[in-house]
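Residue numbers (this note's numbering), protein chains in the order written: chain D, 36 to 126; chain P, 3 to 304.
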Amino acid sequence: MTSERKTGQAGTLESCDARVTIELTDEPGIDIEVEGPMKDVFGDAVARCARETLENLGVNGARVKLVDRGALDYVISARVEAAVIRARGED
Amino acid sequence: MERLRRTILYIPGNNPAMINNGGIFGADVICFDLEDSVAVREKAAARCLVAAALRRRELVNPMQREIMVRINGFDTPFATADLEAIVRVRPDSIRVPKVEDPATVLNTAKLLDELEKKEGLDYRIEISPILETVLGVSRAVEIARCHERVTALSFGAEDFTRDLGTSRTKDGFELVHARGLLVMAAKAAGIQAIDTVFPDVGDYGGLESETSKVRQLGFDGKSVINPRQIEIVHRIFRPSDEEIRQALSIEKALEDAERKGLGVASLNGKMVDTPVAKKAGRVLALARRLGLVEGGGEQHVA
Chain D
36 MTSERKTGQA
46 GTLESCDARV
56 TIELTDEPGI
66 DIEVEGPMKD
76 VFGDAVARCA
86 RETLENLGVN
96 GARVKLVDRG
106 ALDYVISARV
116 EAAVIRARGE
126 D
Chain P
3 MERLRRTILY
13 IPGNNPAMIN
23 NGGIFGADVI
33 CFDLEDSVAV
43 REKAAARCLV
53 AAALRRRELV
63 NPMQREIMVR
73 INGFDTPFAT
83 ADLEAIVRVR
93 PDSIRVPKVE
103 DPATVLNTAK
113 LLDELEKKEG
123 LDYRIEISPI
133 LETVLGVSRA
143 VEIARCHERV
153 TALSFGAEDF
163 TRDLGTSRTK
173 DGFELVHARG
183 LLVMAAKAAG
193 IQAIDTVFPD
203 VGDYGGLESE
213 TSKVRQLGFD
223 GKSVINPRQI
233 EIVHRIFRPS
243 DEEIRQALSI
253 EKALEDAERK
263 GLGVASLNGK
273 MVDTPVAKKA
283 GRVLALARRL
293 GLVEGGGEQH
303 VA
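In structure tokens:
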């Protein structure tokens with residue numbers, strides 16, 4: 036079975052923001068990669084926030100690359116949501 | 003009680019750093035912007051960001067000021083989606099840009115009725131139409147009076163001067179007629195009048211001069227685009243010590259007359275007529291809210 040590859044990106048590399056790139060996949064499973072200067076301290080929390088947001092959006096399969104520039108949790112959540120909207124072609 | 007709206011600080015809705023900090027500068031109203039400060043390709047992203055921010059309002063509004071959102075106009079494909087996302091997160095008010103027709107306000111009100119019911123809101127979101135075209139300003143009275151959700155009329159000078167076919171000058175002569183019409187319409191409807199932004203953020207003297215003039219015209223507040231503008235605008239809209247003293251004398255004269263059962267109050271040999279009494283009442287209400295006079299209900303840091 037061919038998986039559909041749909042990609043969306045949201046956010047910037049400005050301070051307090053995060054740039055999120057999402058590739059939606061048909062295969063279940065969410066893979067999240069966090070980059071950024073504070074990844075050792077906040078990486079897990081950022082990934083958890085992204086994962087929760089994806090679950091709330093009903094996303095079961097995705098590859099996520101997230102570059103964090105000191106984003107608060109609501110920013111992570113918003114950028115993930117916007118990236119999913121773009122990946123789904125809904126914006 | 004009427005809301006205090008001396009300053010309405012615009013926060014670009016796609017800028018997390020500004021959203022994080024917008025609530026700490028003491029503006030009376032924090033206005034999250036989905037319209038002119040957001041590029042077309044970022045409208046959906048900004049909507050997500052502002053909605054997420056308002057779910058965490060203890061972070062973005064620590065001083066618990068009024069939360070307003072400027073949605074996109076109904077001449078764009080974004081307005082309805084903006085309202086659907088924003089009503090869910092319970093703002094106090096929305097600003098609707100480029101209003102030219104009472105029908106726009108009535109349609110907005112109807113949409114809000116439906117969305118508020120769906121989301122289970124126990125209050126009504128207020129509407130502040132922005133008049134920024136010749137047609138909008140020309141219909142100011144109708145727009146101001148068309149619905150009870152409308153609690154303030156705002157003026158937008160940038161688009162208005164383009165519509166007039168002229169350009170903004172420092173002394174604002176080209177805007178005086180429009181400002182007068184807008185203030186009169188707002189006061190005729192018993193609502194507030196909010197002046198346009200002063201775009202030159204480095205020119206404090208110019209801001210002070212313009213704000214003094216619009217206060218004199220009867221405006222209740224001014225939109226601002228930089229936190230450094232807040233203190234100046236608040237200072238201009240603060241009742242002066244002399245105004246407060248006069249208002250207190252008038253209040254005492256009215257109380258004395260009532261106690262004596264007199265139909266008319268007088269001060270220094272002159273009758274205190276209704277407009278004078280009303281103005282004194284407004285001055286004292288504001289002074290009490292700012293903690294300048296004792297006896298205020300809601301205390302509000304100036």
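Idealized CB from N, CA, C, for every residue including glycine.
Check: Got a sec: is the Cβ-Cβ distance from L51(P) to anything in chain D below 7 Å?; Outcome: yes
Check: With a cut-off of 7 Å, does the C-beta of C51(D) fall near any C-beta of chain C?; Outcome: Going by chain labels, chain C is absent from the structure shown, which instead holds the protein chains D and P.
Check: Using Cβ-Cβ distances below 7 Å, what residues of the region 4–30 of chain P are close to chain D?; Outcome: P18, A19, N22
Check: Measure the beta-carbon distance from I238(P) to R217(P) and round it to whole angstroms, keeping in mind my assumption that it falls under 8 Å.; Outcome: 6 Å
Check: Quick one: grab the DSSP three-state call for S211(P).; Outcome: helix
Check: List the residues of chain D that R126(P) touches, going by C-beta distances under 8 Å, in chain order.; Outcome: Result: empty, since nearest Cβ-Cβ is about 26 Å, beyond 8 Å.
Check: Name the DSSP beta bridge partners of L59(D), please?; Outcome: K41(D), A97(D)
Check: Checking 7 Å against the spacing of the C-beta atoms, do G96(D) and T60(D) come in under that value?; Outcome: yes
Check: Show which residues of chain P have a CB atom less than 8 Å away from the CB atom of D103(D).; Outcome: In chain order: nothing, as chain P lies at least about 11 Å away.
Check: E116(D) versus chain P: which residues are under 8 Å apart at the beta carbon?; Outcome: C50, A54
Check: Please check if any C-beta of chain D sits within less than 7 Å of the C-beta of R59(P).; Outcome: no
Check: Would you decide whether Q194(P) is buried or exposed? Buried here means 16 or more other CB atoms lie within 10 Å of its CB.; Outcome: buried
Check: 7 Å is my cut-off, CB to CB: does A142(P) come that close to chain D?; Outcome: no
Check: Under 9 Å between beta-carbons, which chain P residues line up against L89(D)? List them in chain order, please.; Outcome: The contacting residues do not exist; L89(D) stays about 14 Å from chain P at best.
Check: Using DSSP with H/G/I as helix, E/B as strand and the rest coil, what is G223(P)?; Outcome: strand
Check: Count the CB pairs spanning the region 116–123 of chain P and the region 143–153 of chain P that are closer than 8 Å, and state whether there are at least three.; Outcome: no
Check: Report back the beta-carbon spacing between K172(P) and I196(P) to the nearest angstrom; my notes put them in contact at under 8 Å.; Outcome: The Cβ separation is near 21 Å, so there is no contact.
Check: Which partner residues does E68(P) have in the DSSP bridge list?; Outcome: V31(P)
Check: For L269(P), list the residues DSSP reports as bridge partners.; Outcome: K272(P)
Check: I think G25(P) touches M65(P), with their Cβ atoms under 8 Å apart; what is that distance to the nearest whole Å?; Outcome: 6 Å
Check: Out of curiosity, what's the CA-to-CA distance linking A53(D) and L101(D)?; Outcome: 7 Å
Check: Go ahead and label G265(P) buried or exposed: buried means 16 or more other beta carbons lie within 10 angstroms of its beta carbon, across all protein chains shown.; Outcome: exposed
Check: If you compare alpha carbons, which of A282(P), R72(P), G263(P), E134(P) is closest to I32(P)?; Outcome: R72(P)
Check: Which residues in chain D have a C-beta closer than 7 Å to the C-beta of A146(P)? List them in chain order.; Outcome: Correct list: empty, because the minimum Cβ distance to chain D is about 35 Å.
Check: In the DSSP assignment, find the beta strand (DSSP E) that holds F157(P) and state where it starts and stops.; Outcome: 154–157
Check: Under a three-way DSSP split, which group does I193(P) fall into?; Outcome: coil
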